[in-house]
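Protein chains in written order, with the numbering used here: chain B, 42 to 290; chain R, 14 to 633.
Don't be surprised by glycine CBs; every beta carbon is placed ideally from N, CA and C.
This one's a predicted model, so the numbers in the text were calculated from it and none came from an experiment.
All remarks here apply to the structure that follows.
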Amino acid sequence: MTNDGSAEVLLSTRGLGKTYGTGEGLVRAVDDVDLEVVRGEVVAIMGPSGCGKSTLLHLLGGLDRPDAGELWLGGRRIDQLTERGLAQLRRDDVGFVFQAFHLMDELTAEENVELPALLAGMSPRAARRRARQLLDQVGLADRSDHLPSALSGGQRQRVAIARALANGPQLVLADEPTGNLDSAATLEVLRLLEGLHDAGLTLVVVTHDDRIAATADRMISMRDGAFVDEVRLVGGTKGTLAGLAGLGA
Amino acid sequence: MGRIRLIWRLAMKDLRHNPAEAVLLLVAIAAASTTLTVALALHGVTDAPYAATRSATAGPDVVASVQEPTPAAPAALTELRHAPGVVASGGPYEIAMPNLVVDGHSDPVMAEGRSPAPAEVDQPKVTAGTWVRPGGVVVERSLADLLDLKVGDRVGLDQLDGGGLGGGPGGGPLRAVGPSFEVVGIAVTAALQPSPLNTFAHPSGFPEAGLVWVTRAAARQLAAADLGGGPLGYTLNLKLGDPAAAPSFVAVHEHGPVDLIAWQTIADREGLVVSIEQAVLLTGSLLLGLLALASVALLVGGRMEQQTRRVGLLKAAGATPRLVTAVLLAEQLVLALAAAAVGLVVGWLLAPLLTNPGASLVGAPGAPALDLSTIAIVVGAAVVVAALATLVPAIRAARTSTVRALADAPRPPRRARWSIAVSSRLPVPLLLGLRIASRRRRRAVLSAASVAITVGALIAVLMFRQHAGSLDTSGGLGGLYRFSGPGDPLWERGMDVMLVFTVALVVLALINAVLVTWATVQDARHVTAVERALGASPEQATLAVVVAQLLSALPGAVAGVPLGIALYAVVGRHSSGAPSAVAMVAVVVLTVLAVAGLTALPARIGARQPVVEVLASEAA
Chain B
42 MTNDGSAEVL LSTRGLGKTY GTGEGLVRAV DDVDLEVVRG EVVAIMGPSG
92 CGKSTLLHLL GGLDRPDAGE LWLGGRRIDQ LTERGLAQLR RDDVGFVFQA
142 FHLMDELTAE ENVELPALLA GMSPRAARRR ARQLLDQVGL ADRSDHLPSA
192 LSGGQRQRVA IARALANGPQ LVLADEPTGN LDSAATLEVL RLLEGLHDAG
242 LTLVVVTHDD RIAATADRMI SMRDGAFVDE VRLVGGTKGT LAGLAGLGA
Chain R
14 MGRIRLIWRL AMKDLRHNPA EAVLLLVAIA AASTTLTVAL ALHGVTDAPY
64 AATRSATAGP DVVASVQEPT PAAPAALTEL RHAPGVVASG GPYEIAMPNL
114 VVDGHSDPVM AEGRSPAPAE VDQPKVTAGT WVRPGGVVVE RSLADLLDLK
164 VGDRVGLDQL DGGGLGGGPG GGPLRAVGPS FEVVGIAVTA ALQPSPLNTF
214 AHPSGFPEAG LVWVTRAAAR QLAAADLGGG PLGYTLNLKL GDPAAAPSFV
264 AVHEHGPVDL IAWQTIADRE GLVVSIEQAV LLTGSLLLGL LALASVALLV
314 GGRMEQQTRR VGLLKAAGAT PRLVTAVLLA EQLVLALAAA AVGLVVGWLL
364 APLLTNPGAS LVGAPGAPAL DLSTIAIVVG AAVVVAALAT LVPAIRAART
414 STVRALADAP RPPRRARWSI AVSSRLPVPL LLGLRIASRR RRRAVLSAAS
464 VAITVGALIA VLMFRQHAGS LDTSGGLGGL YRFSGPGDPL WERGMDVMLV
514 FTVALVVLAL INAVLVTWAT VQDARHVTAV ERALGASPEQ ATLAVVVAQL
564 LSALPGAVAG VPLGIALYAV VGRHSSGAPS AVAMVAVVVL TVLAVAGLTA
614 LPARIGARQP VVEVLASEAA
């Protein structure tokens, strides 16, 4: 699945593969996937549970290693990086948003958001400033000193999104970002993702929620580890998000 | 009955399901139980054999002696036979100081001249062979044991040339002159302080020597050969109307050339052989008990964490919180009882190695009997340790909501605002390590306490070795004995006890270090995975766990230094003295390095766990 070649390709894969098990138990979680994502593009990957979309996302972000194929990010081949190189990649170039949020329970929203910046060596003051700015951006400035347990599901996911943006990544990968949320919280997250889209962020979202996919520039369907279909949503969904999502304005 | 059977079955099933943890818990409690058993076995065992020997040998209440070979010496002793309070006496007997020559080696001995007829006071009890006869020598049993002498052996009794004085067994060269004697008997006496002291200092005040008995004629002959005059000295054994008054009798009559010693002093010296061991072991068992408590608390805490889902399943199936608590308690109590049994048996087998005061007394304790009180104390202590460590987490687990337990949600960590603020200014491994450490304060405190106890005990052992020469072990003996270092039997015994104690201590400390690390690694799995997803490298994650352990180990090790000094002061009854700075630094540094080393591997294993798997399992 490729673009028309006119835009700058940020992420690309060639023949990407990942298998589990051996012999008759062999499972091709990701099977010969070719993908190109241009800078500023939002790509939604859809498919039934177990089709390999989360595994693909983990491969794209350097959380897991492919068994076959090539993986390029920002013109740099990343599938052969060392563990330390992959850690650096996740720290500087990729932001993750998980379905289960994976926030630190003992840290406040602000402390959770500043953590990646601290890991990247930013000064405590700059990291704190950055966290506040991001929390303001996701609409949680007044919840910055709340622990995750004191936040709603939607608020937690917005904190997680802010955390993913802490080091200004080139690419944000979201794995079922609304999978654990109710309708109202889903709308909060959709609006936020739309804002990121508008800001030109490159986003790959794995979901089986049509409403999320409808916000993307491109929607790719996956089955049995392989891409089976691609739909380009020309013009995006800007301005009509809530309506498309069927959640009301 | 059915409920008890159900609790038993559930508890046993879980123990079989987690055998490694069960074994660790068993070892932890068994080590403490063993030390406690040995300590209790030592308690009071010293009085029994001495009392038995006194009774069997008509032991004297006061031993009087003169070392000066003056013509007036026998008269001075004879006067004592008629002193107020004396109801019977034996002697004065001639004392010569020859060398006992055996198999090419000679050792100074005290040869006491005795009649073949039994004495009214202090008639040594023959344990092998016969009593003295012309041409024969009877050897005191501890000396016979030391030199491996048996009835029928031939020995030389040579005049003293001074070379053997002050030396230990096997001191001087063999000389061809002097009469030869047959060992006709082996005997014990209550007029002799017990082995191993008796080969170094005789209570009668004679120079360091073992004891043999010969005929009075032979003793005079040996003494004459040595000095060319009368016997070297005399000893007199007195029986008082009131044996308890022996110390005051000694105080009144000790003057001039006559040295007196009361039976209580001899008994105390015998007790000294094991009193130090008792003090060390009782203190050691207390420390080991504390370490075991830490081990059990860590293990139980870890088990409870892992059993959250099981608790949920039990409750979902209708178990009441009380039943759940009972099952969790039963598991630990069964292990505690088994460990107490192991500790009692091992301690009972080990005790004779430390308690047997030698062969100088009849009724030497050998393997001390395990009386009911010892069994009750050891079992009770094990059960209390297990119950203390288990009760709170068991009740907490039982009170966890069923839904939450079924979801296997981890116990929320503590938020330490100060550590979060401070750590944000530190390099990444320290940042992450400090935060991991402060998530579980109870574990950090247990870890620090465990290290402090270990270091404290090691410092005390080092000080014991370092200050052995000046250690005042009197404790009521008036400073009669001081350790003289390697070669001194008391010192060697002290080292044996220290070794047993130190080995048990180090084993428990190692178990604790591994437990703490593993518990930390398991607890930090999710945090570490998230941190790695956010860009922390495996090296940083590994270092973070090591740092977390060191943050509790380092203050624990430092705190262990004053603890060790205090321990030494209490156990050694020695308030002065400090370990050398080098020793202190070495113990602290080596301990911290050991903790770091023990931590590194599990930390590395934990940090290498695939991020995706951990996150997926936590999210499930």
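Could you tell me the alpha carbon to alpha carbon distance between residue i and residue j, rounded to whole angstroms?
{"i": "R:L326", "j": "R:V405", "result": "20 Å"}
{"i": "R:L556", "j": "B:E124", "result": "15 Å"}
{"i": "R:A461", "j": "R:L564", "result": "9 Å"}
{"i": "R:P32", "j": "R:R323", "result": "17 Å"}
{"i": "R:R188", "j": "R:V115", "result": "Legend: pLDDT at R:R188 = 45, less than 50; position of this residue unreliable, value from coordinates given subsequently. For R:R188 and R:V115, the distance between alpha carbons rounds to 11 Å."}
{"i": "R:V475", "j": "R:V598", "result": "Val is not the amino acid found at residue 475 of chain R; the sequence shown has Leu there. Distance between the alpha carbons of R:L475 and R:V598: 12 Å."}
{"i": "R:V225", "j": "R:G148", "result": "13 Å"}
{"i": "B:G162", "j": "R:V441", "result": "8 Å"}
{"i": "B:D223", "j": "R:A354", "result": "58 Å"}
{"i": "R:L614", "j": "R:V624", "result": "18 Å"}
{"i": "R:P270", "j": "R:I108", "result": "15 Å"}
{"i": "R:L336", "j": "R:I20", "result": "7 Å"}
So, with DSSP's three-state summary, where would you put residue i?
{"i": "R:N112", "result": "strand"}
{"i": "B:P157", "result": "helix"}
{"i": "R:W531", "result": "helix"}
{"i": "B:I119", "result": "coil"}
{"i": "R:P442", "result": "helix"}
{"i": "B:M163", "result": "coil"}
{"i": "R:A101", "result": "strand"}
With distance defined between alpha-carbon atoms, name the residue in the options nearest to residue i.
{"i": "B:P107", "options": "B:R131, B:L127 and B:V71", "result": "B:V71"}
{"i": "B:S53", "options": "B:L67, B:V78, B:G62 and B:A141", "result": "B:V78"}
{"i": "R:W361", "options": "R:A257, R:D384, R:Q345 and R:L348", "result": "R:D384"}
{"i": "R:A364", "options": "R:P111, R:T387 and R:V347", "result": "R:T387"}
{"i": "R:L159", "options": "R:Y247, R:E92, R:L113 and R:R412", "result": "R:L113"}
{"i": "B:R166", "options": "R:R452, R:I472, R:E34 and R:A434", "result": "R:A434"}
{"i": "B:G81", "options": "B:A255, B:A267 and B:G236", "result": "B:G236"}
{"i": "R:S451", "options": "R:Q562, R:P551 and R:L547", "result": "R:Q562"}
{"i": "B:Q178", "options": "B:A191, B:L188, B:R252 and B:R199", "result": "B:R199"}
{"i": "B:R204", "options": "B:H238, B:L231 and B:L160", "result": "B:L160"}
{"i": "R:L37", "options": "R:I20, R:A307, R:D171 and R:N250", "result": "R:A307"}
{"i": "R:P137", "options": "R:I199, R:S436, R:P426 and R:A389", "result": "R:I199"}
{"i": "B:R252", "options": "B:M263, B:I261, B:T227 and B:A267", "result": "B:T227"}
List, in chain order, every chain D residue whose beta-carbon is nearer than 9 Å to that of residue i.
{"i": "R:G548", "result": "No chain D appears in this structure, whose protein chains are B and R."}
Taking buried to mean at least 16 other C-beta atoms within 10 Å of its own C-beta, is residue i buried or exposed?
{"i": "R:V516", "result": "exposed"}
{"i": "R:M7", "result": "Absent from the structure is residue 7 of chain R, since the part of chain R shown begins at 14 and ends at 633."}
{"i": "B:G91", "result": "exposed"}
{"i": "B:Y61", "result": "exposed"}
{"i": "B:P157", "result": "buried"}
{"i": "R:E92", "result": "exposed"}
{"i": "R:T47", "result": "buried"}
{"i": "R:L645", "result": "Absent from the structure is residue 645 of chain R, since the part of chain R shown begins at 14 and ends at 633."}
{"i": "B:G64", "result": "exposed"}
{"i": "R:K252", "result": "buried"}
{"i": "R:L606", "result": "exposed"}
For chain R, is any of its Cβ atoms less than 8 Å away from the one on residue i?
{"i": "B:R273", "result": "no"}
{"i": "B:D146", "result": "yes"}
{"i": "B:R173", "result": "no"}
{"i": "B:H99", "result": "yes"}
{"i": "B:P89", "result": "no"}
{"i": "B:F139", "result": "yes"}
{"i": "B:P218", "result": "no"}
{"i": "B:P165", "result": "yes"}
Please confirm whether residue i has its beta-carbon closer than 8 Å to some beta-carbon of chain B.
{"i": "R:L614", "result": "no"}
{"i": "R:P378", "result": "Reliability fails at R:P378, whose pLDDT of 45 lies under 50, so the model's placement of it is uncertain and the value that follows must be treated cautiously. Judged by the 8 Å Cβ criterion, R:P378 is not in contact with chain B."}
{"i": "R:E552", "result": "yes"}
{"i": "R:I449", "result": "no"}
{"i": "R:V600", "result": "no"}
{"i": "R:P426", "result": "yes"}
{"i": "R:V624", "result": "yes"}
{"i": "R:I433", "result": "yes"}
Tell me whether residue i counts as near the ligand PLP, meaning its Cβ is closer than 7 Å to at least one heavy atom of that ligand.
{"i": "R:S386", "result": "No copy of the ligand PLP occurs in the structure displayed, which carries no ligand at all."}
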